[in-house]
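Written below as structure tokens is the structure these notes are about.
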DNA sequence: CGTAGACTTGAGAGTCATCAACGTAAGTGG
DNA sequence: CCACTTACGTTGATGACTCTCAAGTCTACG
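Chains as they are written, first to last, in our numbering: chain A, 1 to 250; chain B, 1 to 250.
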């Protein structure tokens, strides 16, 4: 169901509440409900609420906001970032449908980063108190929460590694490709929802460097880019360049 | 109780099992048992086993090992690291008493990094299956697990940021200082259990750069170093240099 | 259209890595 | 006890990767 269809659906009077239930969500196998039985899915649905669509530039939360809930991206994409004392922006991650935001706020009980929609997006809100309570009762939910947090730890660690600009960008593209594929999209052709500047800030590069490496990759027939549209022409070689930079998830 | 005393204690026939129980562990307020009542502490003790002392260079686990348990450092220190396809070592973190190791292995169900003792060390073993089960029953334990994982996520993200060599090293020292202080040691004077090379690999710098920045800090009377022994002479200025590079925990 | 922002491309500079030599401390074996 | 070895750490010179600054191009949007 594309976004146009969703809008038509809602216009006909079906509540977003209903059409977006975990029990019939196409992302259930990637998201928190993974592996739950239908009875447990219903209990999940009992605590999940869905937000109105966010528009590009809307903030889901900001640094210092009280931590009340974890968010699951339902459609569209988000970026999370911080701004340091010198005004430099550090992008912490990009978040695709089925991925969670806000997990780093559990410990300090307030958000330590900002989250902004990169395009029109919808999210599911999981109030943290109810979520942990439910996680106490449903072992499958508990496991999945631990798994997803574990993944975030591992991914952040690989991003922290020491790699060249080419390695970083190759790994970034390969990682995006895998995530798009998992979500049923083409793994070779997709649109970047983030700007060059965002990519650069994420990979700790200058925007100019991203441009230049893209140009080099295109010259070498590894990719074809035109603004935000990108095709991976030689996934194998890109994989080789990406070396051991693991998943490059959130 | 220093390590000599511990050895004497064990020699007298008291089991390490007993003297190391969560219920009378001085690290309980930093570690998983934080905030648990005595009844719950006993249940924790029921699943925790303590290993024989590890010697410097001993590996707790290696890449590819099956994930069976989470480990809590009890004494000494560890480093976790990966080796990439080019043979470069990437240090992921240093782990002090009360901190957990192996959380990044939950998702893939096998260890994605190596963990090695930097000095004589002892650990507590928390079998993951039993730990998650207990986390289902004890909400305080569940919360603390989520908190600690959340912290790891946030810390890894800040390490991933784009900072200069001086900022990184200042933040590293400040972070260590805080962690030592939390554990009852001096926050101004301590021994580095890791080599310059390890520090460099952790901060994505060359060992020579670490040496040079240490020398510069010493010239500016920010620190005094002699081999592994270090004194922080001007914590405030170091803090200023560290800028917004948060905790620098794990 | 015309402006604004994103993106690209070029030239120069700076930080840090690399290479190399040297000094120091700890451990080994004669 | 001392020469030898080895690992670690420091210091210096050089160079490379990437950033910064700057100008120019393109697209989108009002």
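Just so it is clear, CB atoms sit at the ideal spot from N, CA and C, and this is done for glycine as well. All values derive from a computational prediction rather than experimental measurement.
Query: If we ignore side chains and look at the alpha-carbon of each, how far apart do residue 60 of chain B and residue 115 of chain B end up?; Result: 5 Å
Query: Pick helix, strand or coil for residue 74 of chain A, following the three-state DSSP scheme.; Result: strand
Query: Can you find the residues in the same chain that come closer than 6 Å, C-beta to C-beta, to residue 189 of chain B, ignoring five residues on each side of it along the sequence?; Result: 231
Query: On the three-state DSSP scale, how would you describe residue 68 of chain B?; Result: coil
Query: Would you please state the rounded distance, in angstroms, between the beta carbons of residue 210 of chain B and residue 196 of chain B? I believe it to be under 8 Å.; Result: 5 Å
Query: Mind pulling the chain B residues with CB within less than 9 Å of residue 132 of chain A?; Result: 139, 142, 143 and 146
Query: What are the start and end residues of the alpha helix (DSSP H) that includes residue 55 of chain A?; Result: That residue, residue 55 of chain A, is in no alpha helix (DSSP H); it is neither H nor E in DSSP.
Query: Closest by CA to residue 91 of chain A, which one among B:242, B:162 and B:194?; Result: B:162
Query: Under 9 Å between C-beta atoms, does residue 201 of chain A make it to chain B?; Result: yes
Query: Please tell me whether residue 103 of chain A has its Cβ less than 9 Å away from any Cβ of chain B.; Result: yes
Query: Let's test the definition: count the other Cβ atoms within 10 Å of the Cβ of residue 54 of chain A and tell me whether it reaches 16, buried, or not, exposed.; Result: buried
Query: Quick check: what's the CA-CA separation for residue 227 of chain B versus residue 192 of chain B?; Result: 9 Å
Query: Looking at the C-beta of residue 90 of chain A, does it have a partner C-beta in chain B at a distance below 9 Å?; Result: yes
Query: Out of A:106, A:183 and A:149, state which residue places its alpha-carbon closest to the alpha-carbon of residue 66 of chain A.; Result: A:106
Query: Give the interface partners of residue 106 of chain B over in chain A, defined as CB-CB distance under 7 Å, in chain order.; Result: 146, 147 and 150
Query: Restricting to Cα atoms, I'd like to know which of B:111, B:36 and B:57 is closest to residue 143 of chain B.; Result: B:36
Query: Alpha carbon to alpha carbon, how far is residue 81 of chain A from residue 117 of chain A?; Result: 11 Å
Query: If contact means a Cβ-Cβ distance below 9 Å, which residues of the segment 150-166 of chain A contact chain B?; Result: 150, 151, 152, 153, 154, 155, 156, 157, 158, 159, 160, 161, 162 and 163
Query: Based on the DSSP secondary-structure assignment, which residues constitute the bridge partners of residue 283 of chain A?; Result: This structure gives no information on residue 283 of chain A, because the portion of chain A shown stretches from 1 to 250.
Query: Anything in the segment 184-195 of chain A with a Cβ closer than 8 Å to a Cβ of chain B? List those residues in chain order, please.; Result: none
Query: List the residues of chain B whose Cβ lies closer than 7 Å to the Cβ of residue 135 of chain A, in chain order.; Result: 142
Query: Between which two residues does the alpha helix (DSSP H) containing residue 157 of chain B stretch?; Result: 139-159
Query: So, helix, strand or coil for residue 108 of chain B, using DSSP?; Result: coil
Query: Taking the beta strand (DSSP E) that residue 125 of chain A falls in, what are its first and last residues?; Result: 122-127
Query: Buried or exposed: where does residue 3 of chain B fall if 16 or more other Cβ atoms within 10 Å of its Cβ makes it buried?; Result: Residue placement at residue 3 of chain B is flagged as unreliable, the pLDDT there being 39, under the threshold of 50; the coordinate-derived value follows with that caveat. Residue 3 of chain B comes out exposed.
Query: What whole-angstrom Cβ distance do residue 71 of chain B and residue 100 of chain B have, given they're in contact under 8 Å?; Result: 7 Å
Query: Could you tell me which of B:98, B:201 and B:46 sits nearest to residue 31 of chain B, measuring between CA atoms?; Result: B:98
Query: Can you check whether the C-beta of residue 12 of chain A is within less than 9 Å of a C-beta belonging to chain B?; Result: Here residue 12 of chain A scores only 36 on pLDDT, less than 50, and its place in the model should not be relied on; the value that follows carries that caveat. Not an interface residue.
Query: Could you tell me if residue 52 of chain B is buried or exposed, where buried requires 16 or more neighbouring beta carbons within 10 angstroms of its beta carbon?; Result: exposed
Query: Around the C-beta of residue 177 of chain B, are 16 or more other C-beta atoms found within 10 angstroms, so that it is buried, or is it exposed?; Result: buried
Query: My output table needs one value for residue 224 of chain A: the three-state DSSP class, helix, strand or coil.; Result: strand
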